[in-house]
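**Student:**
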Amino acid sequence: MGQPFKIDARDGQARAGVLRCAHGDVRTPAFVPLASNASVRGLLPGEVAELGYDMVLGNTFHLFITPGADYVAAAGGLHRFMGWDGPIVTDSGGFQVFSMGHGSVADEIKGRRDGRRSMVHEISEDGVRFQSYTDGGERFMGPETSMQVQAKLGSDIALAFDECTPFHADRTYTMRAMERTHRWLDRCIAWHGEHAPASQLLYGIVQGGVHEDLRRESTDYVAQAAVDGIAIGGSLGQGKEQMREVVGWALRGLPDERPRHLLGIGDVDDILHAVAAGIDSFDCATPTRLARHGTALVPDPTRRWRLDLTKGASAGSDEPIATGCPCPACRSHTRGYLHYLARHDELTGARLITLHNLTFMAELMAGLRAAITAGALAAYTDKVLAGEAPDSASDSCAQLAGHNCPNELQAVRTSACCRAGTARCRRSAAGRCRGRRARRRCRRHRRRAARARRPRSPSGPRAAAGTGPSGGCARCA
RNA sequence: GCGGACGUAGCUCAGCUGGUAGAGCUCUCGGUUGUGGUCCGAGCGGUCGCGGGUUCGAGUCCCGUCGUUCGCC
């Protein structure tokens, strides 16, 4: 097939273009909302399109488990099934298999926690045997399975089946998994070439964890492969600095003319950096998942672009989430109302905040496309990083002093970077308080001290015996 | 009126034969980047209904009292 990706404008490494798919064009850089289970949770397909999205992401793994590829195929394919007639990219299921093996994806991929009970029974050259989360039965998925499911779903873009290695995997395991993923890629290409609809594009996935040489090797391998686009996956490290470094390694040597997708990334600052580095599309759970849990995206870098509406601060507020935002939540409703809805798990709240967050992301991406076209990406990036609403790309750049300073970036993400330090500080301040029992004991001591300080009737037999730290108690003495 | 059961954190309740008051939920604060309408941390919060008594020591045993509830007159 011809070259599906056309780059219309460049600004540094960044590109703005159009990805031509069987069901229409995708304007890039693009954010792709998640519709893992054939639904952008809470929204109608028409609403997603109206917000300015060209493509959504379905998930091979989820749809394979339920309702099954044949069920969707019998309904006329994923587009007709879910009522979305625009482009769809389907994730291959490799990541989900990985996440089942390690409990929490988010924690494990960042190296924050050890793996838990695994639902993965075996990873072999053939593929992965795992336990279904719905009925507990054993299932199998390999490169051919994934490709076949994606062919039956009829997505516009299929992703190759990969193994996403966790942060804690050692270099040897990461390397072997990467090499196996490369062999799986060849099998995906072979199956896809023979059986998949000609119009379906195929992306290869770069792995290699946080190791520079492995990332380069993987990039080279995927770059020489007969794929229509390249996705960057796997563990991108523990923090944003490391992620940017790893993405940089993965991008080096990629063919310029093919589209690049960064899997699973969606924080505002991460998108700004990745677009500047040459990424064309993103998918991420954050905007929609945060919305369902009551957090709205706002133009405020000091709060990591987040406003938790469930917090008391929004109670009774008559402000909108963001002044000037054109979304239904901001046009017609107050933070106070959304606070109430979110507190009580009202579906309307999840829906309104989802509409808002996707509006925010759509404006961010539209602004990026316009800025690249106008050759003003740096100015636009600076404005967004300075906390201005992400929809104005044409104005000149007001340089934000020190926004690139690593320390300031670190301050922005205090939780991610400084949390360990804070915990350490607390513990060392408490001296002996290491471990749960010790901490509890300390709390008790604090309570006892507080109780002793509290004025208490000195008369009565208990007071006489019980006030001192060890008064009369044989065990304490 | 008589008899029984029960009063412990904001809520629902654990606390064995007396030995430094606990859990779950709520609440507050963090976190949650290829989505399980989640999940993971931490924190705040108790005059153990009230008053006596026994004991070195009482949520726990004894007496009284108030309240809730069930049953019987």
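In the numbering used here, the protein residues as written are 1241 to 1717.
Positions of the beta carbon are idealized from the N, C-alpha and C atoms, including for glycine.
Predicted, not measured: the structure shown is a model, and the values here were computed from it.
What residue range does the alpha helix (DSSP H) around T1594 cover?
**Tutor:** 1587-1614
**Student:** Comparing alpha-carbon positions, which option in L1604, G1264, E1384 lies nearest G1433?
**Tutor:** E1384
**Student:** I'd like to check one pair, D1402 with A1465: are the Cβ atoms closer than 9 Å?
**Tutor:** no
**Student:** I need the DSSP call for F1301, collapsed to helix, strand or coil.
**Tutor:** The three-state reading of DSSP puts F1301 in helix, counting H, G and I together.
**Student:** For the segment 1495-1505 against the segment 1518-1530, are there 3 or more C-beta pairs whose distance is under 8 Å?
**Tutor:** Here the segment 1495-1505 lies against the segment 1518-1530, with 3 or more beta-carbon pairs under 8 Å apart.
**Student:** Write down the C-beta distance between A1553 and I1593 rounded to the nearest angstrom, noting that I regard them as a contact closer than 8 Å.
**Tutor:** Contact between A1553 and I1593 does not hold, since the beta-carbon distance rounds to 16 Å and is not under 8 Å.
**Student:** Report yes if the CB atom of M1605 is closer than 9 Å to the CB atom of A1275, and no otherwise.
**Tutor:** no
**Student:** Measuring straight from C-alpha to C-alpha, what distance separates D1331 and V1296?
**Tutor:** 11 Å
**Student:** Would you give the residue range spanned by the beta strand (DSSP E) that C1261 belongs to?
**Tutor:** 1254-1261
**Student:** Please classify E1362 as buried or exposed, where buried requires at least 16 neighbouring CB atoms within 10 angstroms.
**Tutor:** exposed
**Student:** In angstroms, rounded to a whole number, what distance separates the CA positions of H1573 and V1538?
**Tutor:** Between H1573 and V1538, the C-alpha separation is close to 15 Å.
**Student:** By a C-beta neighbour count over all protein chains shown, 10 Å radius and 16 as the cutoff for buried, is C1567 buried or exposed?
**Tutor:** buried
**Student:** How would you call G1242, buried or exposed, if buried means at least 16 neighbouring beta carbons within 10 angstroms?
**Tutor:** exposed
**Student:** Considering only the alpha carbon of each residue, which of T1588, T1563, H1596 lies closest to E1628?
**Tutor:** If we check each option's Cα against that of E1628, T1563 comes out closest.
**Student:** Within the same chain, show all residues whose beta-carbon is closer than 7 Å to that of T1588, passing over the 5 residues directly before and after it, in chain order.
**Tutor:** L1581
**Student:** Please report how far the alpha carbon of M1381 lies from the alpha carbon of C1404, in whole angstroms.
**Tutor:** 14 Å
**Student:** Within its chain, find whatever has a CB closer than 6 Å to the CB of D1248; leave out the 5 residues flanking it on each side and keep chain order.
**Tutor:** Answer for D1248: A1256, G1257, listed in chain order.
**Student:** Please confirm if the segment 1309-1320 is in contact with the segment 1387-1399, defined as three or more CB-CB distances below 8 Å between the two stretches.
**Tutor:** yes
**Student:** Got a sec? Which residues, its chain only, sit under 7 Å from A1555 by beta carbon, not counting five neighbours each side?
**Tutor:** G1576, H1579
**Student:** A1289 and G1326 look like a contact to me (Cβ under 8 Å); what is the Cβ gap, rounded to whole Å?
**Tutor:** Indeed, because the Cβ distance is near 6 Å, the residues count as touching under 8 Å.
**Student:** Which residue from A1616, T1550, A1618 puts its Cα closest to that of D1718?
**Tutor:** No statement about residue 1718 is possible, as the shown extent of the chain runs from 1241 to 1717 and does not include it.
**Student:** For the alpha helix (DSSP H) holding I1247, just list the boundary residues, first then last.
**Tutor:** Segment 1245-1251 is the beta strand (DSSP E) holding I1247; no alpha helix (DSSP H) there.
**Student:** So who's on the other strand from Y1443, going by DSSP bridges?
**Tutor:** According to DSSP, Y1443 bridges with L1399, G1469.
**Student:** Please give the ranges of any beta strand (DSSP E) in the segment 1493-1529, keeping only runs that are unbroken, at least 3 residues long and fully inside the region.
**Tutor:** 1500-1502, 1521-1523
**Student:** Would L1494 and L1442 be called neighbours here (beta carbons separated by less than 9 Å)?
**Tutor:** no
**Student:** Measuring only the C-alpha atoms, how far is N1647 from W1545?
**Tutor:** Note that N1647 scores 24 on pLDDT, short of 50, meaning its location in the model is unreliable; the coordinates nonetheless yield the value given after this. Those two C-alpha atoms are separated by around 18 Å.
**Student:** DSSP state of R1429, grouped into three classes?
**Tutor:** Rather than Arg, the amino acid found at residue 1429 in this sequence is Ile. Three-state DSSP puts I1429 in a helix.
**Student:** Roughly how many whole angstroms lie between the Cα atoms of A1626 and A1618?
**Tutor:** Going from the Cα of A1626 to the Cα of A1618 covers about 12 Å.
**Student:** What's the gap between the Cα of V1280 and the Cα of P1273?
**Tutor:** 7 Å
**Student:** Compute the Euclidean distance between the alpha carbons of G1675 and C1428, then round it to the nearest angstrom.
**Tutor:** Here G1675 scores only 29 on pLDDT, less than 50, and its place in the model should not be relied on; the value that follows carries that caveat. Those two C-alpha atoms are separated by around 49 Å.
**Student:** Might you give, ordered along the chain, the residues of its own chain that have their beta carbon closer than 7 Å to the beta carbon of A1517, omitting 5 neighbours on each side?
**Tutor:** Q1253, V1487, G1488, L1491
**Student:** Quick test of your reading: F1245 and E1497, contact by CB under 8 Å. State the CB separation rounded to the nearest angstrom.
**Tutor:** 7 Å
**Student:** Could you name the residues of the same chain whose beta carbon sits closer than 8 Å to that of E1378, not counting the 5 residues immediately before and after it, in chain order?
**Tutor:** H1361, R1369, F1370, Q1371, S1372
**Student:** Look up T1542 in the DSSP assignment and give the residues it is bridged to.
**Tutor:** DSSP, once it has assigned bridges, lists no residue as partnering T1542.
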